[in-house]
Amino acid sequence: MLTTQFIRISQRSLRISNQQRLKKIINHQKKDLNQNTLQIKSHNHYHPNHHDHKLNQIILANLRYELENHTKSNDLKELLKTCKSIKELNNKASSIKTIPLIYQSYKSLIQLLGHYSLWTQINLILKEIDSQYDNNNHSSLLLFDFIQNDENFWEILIQAFINSGKSVDFLLFILFHHKKTMFSINIIEILIKASIIENNVSQTIFYLNQYINSKEFNPTTSRLLMGKLIKFLGLNGELRLAIDIINKFILPINKEGNDDDEIIECLISLLRSSIDRSDPDAVLFCYHELTDRLPIQEEGLTLALLSISYRYHLPSFALNILSKSSIPIQTNSILPVLGTLCNTNQLKEVILILSKMFKIKLIKEEMDWIFYHLMIGHLGGIKNYQNMLISSSSSSKTIENSLQNSLNLIDTLINSKHHQQDPSHDILILLINSLLKAFIEIHDFNQVKILFHHFFEKSSSSSNKQIKLIPNPMTFEILDEIEQNVNDDDDDDDAKE
Numbered sequence: 106m107l108t109t110q111f112i113r114i115s116q117r118s119l120r121i122s123n124q125q126r127l128k129k130i131i132n133h134q135k136k137d138l139n140q141n142t143l144q145i146k147s148h149n150h151y152h153p154n155h156h157d158h159k160l161n162q163i164i165l166a167n168l169r170y171e172l173e174n175h176t177k178s179n180d181l182k183e184l185l186k187t188c189k190s191i192k193e194l195n196n197k198a199s200s201i202k203t204i205p206l207i208y209q210s211y212k213s214l215i216q217l218l219g220h221y222s223l224w225t226q227i228n229l230i231l232k233e234i235d236s237q238y239d240n241n242n243h244s245s246l247l248l249f250d251f252i253q254n255d256e257n258f259w260e261i262l263i264q265a266f267i268n269s270g271k272s273v274d275f276l277l278f279i280l281f282h283h284k285k286t287m288f289s290i291n292i293i294e295i296l297i298k299a300s301i302i303e304n305n306v307s308q309t310i311f312y313l314n315q316y317i318n319s320k321e322f323n324p325t326t327s328r329l330l331m332g333k334l335i336k337f338l339g340l341n342g343e344l345r346l347a348i349d350i351i352n353k354f355i356l357p358i359n360k361e362g363n364d365d366d367e368i369i370e371c372l373i374s375l376l377r378s379s380i381d382r383s384d385p386d387a388v389l390f391c392y393h394e395l396t397d398r399l400p401i402q403e404e405g406l407t408l409a410l411l412s413i414s415y416r417y418h419l420p421s422f423a424l425n426i427l428s429k430s431s432i433p434i435q436t437n438s439i440l441p442v443l444g445t446l447c448n449t450n451q452l453k454e455v456i457l458i459l460s461k462m463f464k465i466k467l468i469k470e471e472m473d474w475i476f477y478h479l480m481i482g483h484l485g486g487i488k489n490y491q492n493m494l495i496s497s498s499s500s501s502k503t504i505e506n507s508l509q510n511s512l513n514l515i516d517t518l519i520n521s522k523h524h525q526q527d528p529s530h531d532i533l534i535l536l537i538n539s540l541l542k543a544f545i546e547i548h549d550f551n552q553v554k555i556l557f558h559h560f561f562e563k564s565s566s567s568s569n570k571q572i573k574l575i576p577n578p579m580t581f582e583i584l585d586e587i588e589q590n591v592n593d594d595d596d597d598d599d600a601k602e
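This note's numbering puts the first residue of the sequence shown at 106, with every later residue one more than the last.
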């Protein structure tokens, strides 16, 4: 039972809320206490000549009816009057028959006080219950037996705590003080909701384990709570646990023909959390489960997904997003896909997308962006490029192979017999310039000159039907850069001599 020490601790640690409403309730209580013996005689509730064993059952039934009626109607004022009548009746003719009514009055009071979030009054009720424990008589033991074994009492008490904004930890102190360690599934549900409200992740997970291991647990009837749990766990970074719940308890039910709305809401929430946490595995899971049900129609979410594909070099994912997206294809959605493909050295797909972009007007900043990533793509992707920068080595066999592959690819495009299906002249020049730039990156200036002759001077003198290529200003800037680098190298050699 609640000890005196617990009461003192709780009084010091808990805030007093709803002061004005409390004053009104207390004033009503004082006013009612001053009335003549609670009107029991005038209402024929009790006759002093009756003995305990002859208590009129009609009186008890009437009081019980009043308790239930006032509780249902949330009439706190009338409930207080009835509880006072019951208390006076018990004081004047204490009997085992009145104990259930005393217990029910405490239960109803806590329920209504919790409904109005009147924590101070709830605390007074708990103090009063605790004070009776010291009597150690048969009636008190019977009262506490009711409290101990009635799960509904604890549900009401827990809900009163939650409504009053009291900590779940403080609530558990009371429960464990009463040796309540095994809870019904209804109590566990309330504890989970309270833990979510408090943003207490560890406690939520603790009660979640109890919840799903309960014999009463039914995934079908628990879908709403499971949905709240998935969103809460996702927001707090517990993505693996949230996915586990979806796989075990949500998707199996969904396969039985249930409505998709709940699972879609859960998946969208978890997908956003996965993007925020930059977890590519969780993003992929949520994305595929979601797009199996409906296309993603939000542009912001689509761009966020493309950003993940770019950041973690997921070319297949990027292409899938682009193909399934219901939003109009624009440069802001295509650019991350191009970057992802370039960074993973998938230049054939890059060229296909560039061809589709030919009708889209590209501004200078976008062209620079594409040019930079194409250069990295020619060098074998972002990883090879990074390794090259770290090692300052241009003799990597992988990089040389990638450059040769790029050269062969461009040659194939130039010499293709199906010109109507080929990239435009501008795209070919962009590819060639970025390839020349890639050779500059590895300081192979001689190869740049060879390629310039191969693509431009040779094609202009050729009599076959290959595409005639004309260098653009960027091409000449690259040649100027070569001359500058060669001159700098000569100056360094002179300085050494």
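For every residue, glycine included, the Cβ atom is placed at its ideal position computed from N, Cα and C.
Here the structure is a predicted model, which is why all the values come from computation and not from measurement.
Reduced DSSP category for TYR604 - H, G, I as helix; E, B as strand; rest coil: The requested residue 604 is not part of the displayed model; the chain covers only 106 to 602.
The alpha helix (DSSP H) that contains THR605, what's its start and end? No information on residue 605 is available, as it lies outside the stretch 106 to 602 that the chain covers here.
State buried or exposed for SER431, treating a residue as buried only when at least 16 other CB atoms are found within 10 Å of its CB. SER431 should be labelled exposed.
When we look at the beta-carbon of ASP384 and count the other beta-carbons within 10 Å, is it buried (16 or more) or exposed? The residue in question, ASP384, is buried, as its Cβ has 16 or more Cβ neighbours within 10 Å.
Distance check for THR225 and HIS175, CA to CA, integer angstroms please. Rounded to the nearest angstrom, the two C-alpha atoms are 21 Å apart.
Three-state secondary structure (DSSP) at HIS155? Its pLDDT being 45, under 50, HIS155 is placed unreliably by the model, and the measurement read from it follows with that caveat. Looking at HIS155 - three-state DSSP - the assignment turns out to be coil, as it is neither helix nor strand.
Buried or exposed: where does SER414 fall if 16 or more other Cβ atoms within 10 Å of its Cβ makes it buried? With 16 or more other Cβ atoms inside 10 Å of its own Cβ, SER414 counts as buried.
Beta carbon of ILE587 nearer than 9 Å to that of ILE547: No, these two residues do not count as a Cβ contact at 9 Å.
What's the gap between the Cα of ASN492 and the Cα of PHE550? About 20 Å.
So ILE583 and ASN538 are supposed to be a Cβ contact under 8 Å. How far apart are they, rounded? The pair is a contact, with the Cβ atoms about 6 Å apart (cut-off 8 Å).
Could you give the residue range of the alpha helix (DSSP H) that holds THR449? Per DSSP, THR449 belongs to no alpha helix (DSSP H) and is neither H nor E.
Same chain, Cβ closer than 6 Å to PHE337, five either side skipped, listed in chain order: For PHE337, same chain residues with a beta-carbon under 6 Å away, outside a window of 5 residues either side, are ILE301 in chain order.
Taking ILE227 as the reference, which of GLU256, THR449, LYS271 has the closest Cα? Checked all of GLU256, THR449, LYS271; the closest Cα to ILE227 is LYS271.
Taking the alpha helix (DSSP H) that PHE550 falls in, what are its first and last residues? Taken as a continuous stretch (DSSP letters only), the alpha helix (DSSP H) holding PHE550 covers 550-557.
I'd like to know whether the C-beta atoms of ILE297 and LEU334 end up nearer to each other than 9 Å. Less than 9 Å divides the Cβ of ILE297 from the Cβ of LEU334.
Give, in chain order, every unbroken run of the alpha helix (DSSP H) that is at least 4 residues long and sits entirely within the region 249-322. Scanning the region 249-322 for uninterrupted alpha helix (DSSP H) segments of 4 residues or longer gives 256-268, 273-282, 290-302, 306-317, listed from N- to C-terminal end.
Note down, in chain order, each residue of its chain lying with its Cβ closer than 7 Å to the Cβ of LYS146, except the 5 sequence neighbours on either side. The predicted position of LYS146 is uncertain, since its pLDDT is 36 and thus under 50; no value can be drawn from it.
Pick from TYR312, ALA423, ILE534 that is closest to ILE439, judged by C-alpha positions: For ILE439, the nearest C-alpha among the options comes from ALA423.
Should SER210 be listed as close to the ligand FMN, given that the test is whether its C-beta is under 8 Å from any heavy atom? Because no ligand of any kind appears in the structure shown, any question about the ligand FMN cannot be addressed here.
Given SER213 as reference, the closest of ILE292, ILE230, LYS202 once Cα atoms are compared: Shortest Cα-Cα distance from SER213 to any of ILE292, ILE230, LYS202 involves ILE230.
Rounded C-alpha distance that separates ASN154 from GLN264: With a pLDDT of 46 at ASN154, under the threshold of 50, the modelled position of that residue is not reliable, and the figure given next carries that caveat. In a straight line, the C-alpha of ASN154 is about 42 Å away from that of GLN264.
Buried or exposed for SER496, please, with buried defined as at least 16 other CB atoms from any protein chain shown within 10 angstroms of its CB. Classification for SER496: exposed.
Presumed contact (8 Å Cβ cut-off) between PHE258 and ILE252, rounded CB distance: PHE258 to ILE252, Cβ: 6 Å. Contact.
Keeping to the same chain, check which residues put their C-beta closer than 6 Å to that of GLY482; ignore five residues upstream and five downstream. The residues CYS447, ASN450, LEU452, in chain order, have a CB closer than 6 Å to that of GLY482 in the same chain once the five nearest residues on each side in sequence are set aside.
Short of 6 Å in beta carbon distance, which residues of its chain neighbour CYS391, apart from the five on each side in sequence? Order them along the chain. LEU372, LEU375, LEU376, SER379, listed in sequence order.
Suppose contacts are defined by Cβ-Cβ distances below 9 Å. Is GLU260 in contact with ASN304 by that definition? Cβ distance not < 9 Å, so GLU260 and ASN304 don't count as in contact.
Please confirm whether ILE351 and ILE368 have their CB atoms less than 9 Å apart. For the pair ILE351 and ILE368, the CB atoms are nearer than the 9 Å cut-off.
Assigned secondary structure, TYR221 (DSSP; H/G/I helix, E/B strand, else coil): Shown here, TYR221 sits in coil according to DSSP, grouped into three states, outside any helix or strand.
Along the chain, where does the alpha helix (DSSP H) containing GLU193 start, and where does it finish? Counting along the chain, the alpha helix (DSSP H) containing GLU193 begins and ends at 181-197.
In whole angstroms, what is the alpha-carbon distance linking LEU541 and PRO433? Distance between the alpha carbons of LEU541 and PRO433: 34 Å.
Going by C-alpha distance, which of SER190, ASP531, LYS353 is nearest ILE475? For the residues SER190, ASP531, LYS353, the minimum Cα distance to ILE475 belongs to ASP531.
When burial is assigned at 16 or more other CB atoms within 10 Å of the CB, is ILE163 buried or exposed? By the neighbour-count rule (16 or more Cβ atoms within 10 Å), ILE163 is not buried but exposed.
Consult DSSP for LEU127 and reduce its assignment to one of helix, strand or coil. Annotation note: pLDDT 41 at LEU127 (below 50); position unreliable, coordinate value reported separately. Correct three-state label for LEU127: helix.
Backbone CA spacing between TYR208 and GLU294 [nearest angstrom]: When only Cα atoms are considered, TYR208 and GLU294 end up about 24 Å apart.
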